[in-house]
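Novice:
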Amino acid sequence: MATLADLQSRRETLTAARSSGVARVSYDGKTVDYRSIAEIDRAIEALDREIATVEGRRIVRQVRVTTAKGL
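The sequence shown begins at 1 in the working numbering and counts up by one.
(1) Kindly indicate which residue of A2, E12 and D6 has the alpha-carbon position closest to the one of I44.
(2) May I have the straight-line CA-CA distance separating E55 from G29, to the nearest angstrom?
(3) For A17, count the other beta carbons within 10 Å of its own beta carbon; 16 or more makes it buried, fewer makes it exposed. Which is it?
(4) For a test of the three-state rule: what should DSSP assign to S87, helix, strand or coil?
(5) Does DSSP classify V32 as helix, strand or coil?
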């Protein structure tokens, strides 16, 4: 299992790559080529889940909307 600092460093690298539009990321002597921004987004989401697990918290991805006509 990776350390929290390692996971956060990987996430920062991916976020920087996504912002710059670069599809190739190098980390710890390893190079990963991504095919699309969506693939980078999925990798960032996976890292977010791992970071949350290491920190002992859950990621909630649910939004509830309540509406009324007001009559």
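Backbone N, C-alpha and C fix where the C-beta goes; we use that ideal spot for every residue, glycine too.
Specialist: On the basis of the data shown:
(1) For the residues A2, E12 and D6, the minimum Cα distance to I44 belongs to E12.
(2) 26 Å
(3) buried
(4) Any property of residue 87 remains undetermined from this structure, which presents the chain solely from 1 to 71.
(5) In the three-state scheme derived from DSSP, where H, G and I count as helix and E and B as strand, V32 is classed as strand.
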